[in-house]
Amino acid sequence: APAARSSSTLRLVLLAALVVAVSAVACLPTLGAGFVNWDDDVNFTTNLGFRGLGPAQVRWMFTTTLLGHWIPLTWLTLGANYALGGMEPWGYHLVNVLVHAAAAGVFFLVARRLLAGVVAGPSVAADLGAALAALVFGAHRLGVESVAWITERRDVLCALFYMLTVLAYLRGVEGGRMLARRWRALALAAFAASLLSKSMAMTLPASLLLLDVYPLRRLGLGARRLLWEKGPFAVLGALAAVGALLSQSRGATWTGLEAYGLPARLAMAAYSFWFYPWKFVWPSSLSPLYELPAHVDPLAPRFLAPIVAVIGLTVALVALRRRWPAALAAWAQSVIVLLPVSGLVHTGYQLAHDRYAYLSGLGLALLVGGGLAWALSLRARGEMGAPVAAALLGTACAAVLGLSASTWQQSRVWHDSESLWVSAIAVDPECMLCWNNLGHALVARGAHADAERLFTKAISLRPDRPGPWNNLGTALALQQRYRDARRRYAKAVELSGGGFRDAVSNLGRLYAVE
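Quick note: the sequence shown, position 400, residue 401 per this note's numbering, numbers continuous.
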């Protein structure tokens, strides 16, 4: 027995180390990347508030809602980055990679506990299945945006504490009991840390209830007791939701119902619920921005197909819930996590973002690992031949290598602003903001005439948006074509109703120069 325990512990340590190492190595190209003009400029290169850990900086971190986010714990880690390495981008990227790798390692421990029930207790099959689930999460190309983008430190940090919350919860309910007091305290502390990193974790109480249904099967304890057990988590989640709404109101612009009414919002939500699982299965043509179209028609093929697919898949999984409860649980987990960012409540320019799959894909990764664990358990019981089991393990290894190579390549896209937006335009040539941001990158390196052409292209795609008009004015002014620049600035002011302060300021400065 001691020898078996020692062997199990060694296997656990080696598999955890493998998960952490592969997750980190797959993202190593990000260490050579810089800041990009996709919120990094506002958050870091022009922001003095986060630079250090003095009283003034800490006060700013706990009170700011910059760009619509209240993320004090994330800011503290970024302030520590600055204190240790100044504005060298590689240090920020390194911490992102390490936190992501740690999150994958904790997910391995979570998956191992959950998959133990699939194979009737801890075993080699459960360990290998858990390792595959964690490797799929850690090496998946869809997670690159969360790791490679310095601004998304909040995403990887939130995920790490999210995993720790679930791990503490699983440990606390071990043996079918109610959540033990010590583990409840640890789980609540980790959950609070997750929410202080990013409010995306607000739906975790619903995910814990989902775990109670499957695979923990705790409903025998009574629905009222389980709901009461989740009460403190629900309070924290609700506070985070209110805080997120207030932060968005202060730091972002809401998408009005007059432009996107209830039918459009439902279509956007269905699109989101389908988009991320599909990208998990087939992670091609990834982009930092899938731009929200000017109009959302629920009957257009782009939206009607996801609506039909979401309804059809949900009905099929509910019908198969007794034979395949894991699939319904993974699907439900994805929907639960995506609800706050599905489009029902909306800010920004996006129809979808790759980073929203970072947490929502956990159930799908676990489903993949569970499949391997179940198959290997058949081999342990003599119901599967050794060649078939070897072929499954070989396929799993090949899949992880393929994902890692794909993630390595995708990480290179985030090297700089130009590579980022060139890639985005290749995915969607109709993305106005992508052309606009590439123009910004060219202005930054002095290619003003080339930037002029890009801003003109952006205007042709969305002539009603004031931003590209203002930017075109800047590109023209930098070429000393002041009369042309004045007309563009004036157009930006007109389109914004005089509320675009940058355009008003630029126009005023131009009059002063002339």
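Beta carbons are placed, not taken as given, at the ideal position from N, Cα and C, and that holds for glycine.
Discussion item. If we require 4 or more residues per run, which alpha helix (DSSP H) segments fall completely within the stretch 7-77?
Written reply: 56-64
Fill in: Separation of ALA112 from LEU367, as counted between CA atoms
Position 366 of the sequence shown, counting from 1, holds the residue named residue 367. Position 111 of the sequence shown, counting from 1, holds the residue named residue 112. Looking at the two C-alpha atoms, the distance is approximately 7 angstroms.
Discussion item. Excluding the 5 residues flanking LEU1 on each side, which residues of the same chain have their C-beta closer than 7 angstroms to its C-beta?
Written reply: Nothing can be reported for residue 1, as the shown portion of the chain is limited to 2 through 515.
Worksheet item: With a CB to CB cut of under 6 angstroms and the five nearest residues on each side skipped, what residues in its chain are close to LEU329?
Response: Translated into positions along the sequence shown, residue 329 becomes position 328. LEU318, ARG322.
Discussion item. Let me confirm a value: ARG266 is counted as buried when at least 16 other C-beta atoms fall within 10 Å, else exposed. Which label applies?
Written reply: Your numbering for residue 266 matches position 265 in the sequence shown. Result: buried.
Worksheet item: In three-state DSSP terms, what is ALA271?
Response: For the purposes of this step, residue 271 is taken as the residue at position 270 of the sequence shown. Helix, per DSSP.
Worksheet item: Looking only at its own chain, which residues have a Cβ that is under 7 angstroms from the Cβ of ALA191, when we skip the five neighbours before and after it?
Response: As a working mapping, residue 191 is identified with position 190 in the sequence shown. The residues are PHE162, LEU165, THR166, ALA169.
Worksheet item: Any idea which residues DSSP pairs TRP255 with across the strands?
Response: For the purposes of this step, residue 255 is taken as the residue at position 254 of the sequence shown. Paired residues: THR348.
Worksheet item: Counting pairs of beta carbons, one from the stretch 332-352 and one from the stretch 374-390, are three or more of them closer than 8 angstroms?
Response: no
Worksheet entry | Check whether LEU85 and VAL59 have beta carbons under 9 angstroms apart | Your numbering for residue 85 matches position 84 in the sequence shown. Your numbering for residue 59 matches position 58 in the sequence shown. Result no, Cβ atoms of LEU85 and VAL59 do not sit closer than 9 angstroms.
Worksheet entry | Proximity winner among ASP465, GLY370, ASP42, relative to ALA134 (alpha-carbon distances) | Along the sequence shown, one-based indexing puts residue 134 at 133. Residue GLY370 is the option with its Cα nearest to ALA134.
Practice prompt. Work out the CA separation of TRP91 and ALA425 for me, nearest whole Å.
Written response: Numbered from its first residue, the sequence shown carries residue 425 at position 424. Numbered from its first residue, the sequence shown carries residue 91 at position 90. C-alpha separation (whole angstroms): 23 angstroms.
Item to complete: Would you identify the three-state DSSP class for ALA353, choosing helix, strand or coil?
Response: One-based indexing of the sequence shown puts residue 353 at position 352. Residue state, collapsed to three classes: strand.
Worksheet entry | Own chain partners of LYS586 with C-beta closer than 6 angstroms, once the 5 adjacent residues on each side are dropped | Nothing can be reported for residue 586, as the shown portion of the chain is limited to 2 through 515.
Worksheet item: By the 10 Å Cβ neighbour count, where 16 or more other Cβ atoms means buried, how is LEU258 classified, buried or exposed?
Response: The sequence position of residue 258 within the sequence shown is 257, counting from 1. It counts as exposed.
Practice prompt. Answer yes or no: do TYR350 and LEU287 have a C-beta to C-beta separation smaller than 9 angstroms?
Written response: Position 349 of the sequence shown holds residue 350. Position 286 of the sequence shown holds residue 287. No; because the gap between Cβ atoms is not below 9 angstroms, this pair is not in contact.
Practice prompt. Leaving aside the five residues before and after MET62 along the sequence, list all residues of the same chain whose C-beta is less than 8 angstroms from its C-beta, in chain order.
Written response: Here residue 62 refers to the residue found at position 61 when the sequence shown is read from its first residue. The answer, listed in chain order, is GLY50, PHE51, PRO73, TRP76, LEU77, GLY80.
Discussion item. In whole angstroms, give me the CA-to-CA distance for ILE337 and TRP229.
Written reply: Numbered from 1 along the sequence shown, position 336 holds the residue referred to as residue 337. Numbered from 1 along the sequence shown, position 228 holds the residue referred to as residue 229. So the alpha carbons of these two residues sit roughly 20 angstroms apart.
Discussion item. Could you pull the DSSP bridge partners for TYR261 from this structure?
Written reply: The count along the sequence shown starts at 1 and reaches residue 261 at position 260. In the DSSP output, where bridge partners are listed per residue, TYR261 has none listed.
Worksheet item: Can you list, in chain order, the residues of its chain whose CB lies under 7 angstroms from that of TRP71, leaving out five sequence neighbours each side?
Response: As a position in the sequence shown, residue 71 is number 70, starting the count at 1. The answer, listed in chain order, is GLY244, SER248.
Discussion item. With distance defined between alpha-carbon atoms, name the residue in VAL37, GLY177, SER405 nearest to VAL423.
Written reply: Within the sequence shown, numbered from 1, the residue matching residue 423 stands at position 422. Checking every option, the nearest Cα to that of VAL423 belongs to VAL37.
Practice prompt. Quick one: grab the DSSP three-state call for TYR215.
Written response: Counting from one through the sequence shown, the residue named residue 215 turns up at place 214. Residue state, collapsed to three classes: coil.
Worksheet item: Is GLU431 helix, strand or coil by DSSP?
Response: Stepping through the sequence shown from its first residue, residue 431 is reached at position 430. Three-state DSSP puts GLU431 in coil, outside helix and strand.
Worksheet item: To which residues does DSSP link TYR291 through a beta bridge?
Response: Position 290 of the sequence shown, counting from 1, holds the residue named residue 291. Bridge partners of TYR291: ALA353.
Worksheet entry | GLN480 in three-state terms, based on DSSP | Walking along the sequence shown from the start, residue 480 turns up at place 479. Coil, per DSSP.
Fill in: Runs of alpha helix (DSSP H) lying entirely within the stretch 110-181, each at least 4 residues, in chain order
125-139, 145-149, 154-173
Worksheet entry | Where the alpha helix (DSSP H) through VAL514 begins and ends | In the sequence shown, the residue the question calls residue 514 occupies position 513. Per DSSP, VAL514 belongs to the alpha helix (DSSP H) from 502-514.
Worksheet entry | Proximity winner among ALA188, ALA207, LEU237, relative to SER200 (alpha-carbon distances) | What you label residue 200 is simply residue 199 of the sequence shown in a count that begins at 1. Checking every option, the nearest Cα to that of SER200 belongs to LEU237.
Practice prompt. Output the boundary residues of the alpha helix (DSSP H) element that contains VAL311.
Written response: Residue numbering aside, residue 311 sits at position 310 when the sequence shown is read from its first letter. 302-320 is the extent of the alpha helix (DSSP H) around VAL311.
Worksheet item: Who are the Cβ neighbours of THR66 in its own chain at under 6 angstroms, not counting the five residues just before and after it?
Response: Walking along the sequence shown from the start, residue 66 turns up at place 65. Answer for THR66: SER248, ARG251, GLY252, listed in chain order.
Fill in: Any non-hydrogen atom of the ligand SAH closer than 8 angstroms to TRP422 Cβ
For the ligand SAH, the structure offers nothing, since it holds no ligand at all.
Worksheet item: Which whole-angstrom value describes the C-beta separation of ASP40 and LEU68, a residue pair presumed to lie in contact below a C-beta threshold of 8 angstroms?
Response: The residue labelled residue 40 in the question sits at position 39 within the sequence shown. The residue labelled residue 68 in the question sits at position 67 within the sequence shown. Yes, ASP40 and LEU68 are in contact; Cβ-Cβ is about 6 angstroms, under 8 angstroms.
Fill in: C-alpha gap between ARG185 and LEU211, whole angstroms
For the purposes of this step, residue 185 is taken as residue 184 along the sequence shown, with counting starting at 1. For the purposes of this step, residue 211 is taken as residue 210 along the sequence shown, with counting starting at 1. For ARG185 and LEU211, the distance between alpha carbons rounds to 17 angstroms.
Fill in: Per-residue DSSP class, three states only, for PRO464
By 1-based counting over the sequence shown, the position of residue 464 is 463. PRO464: coil per DSSP, three-state reduction.
Worksheet item: First and last residue of the alpha helix (DSSP H) that includes GLY522?
Response: Coverage of the chain is limited to positions 2 through 515, which leaves residue 522 absent and any answer about it impossible.
Worksheet item: What residues in its chain sit with their C-beta under 7 angstroms from that of LEU360, if we drop five residues either side in the sequence?
Response: On the sequence shown, position 359 is the one that residue 360 refers to. Excluding sequence neighbours, LEU360 sits near ALA160, TYR163, MET201, VAL338.
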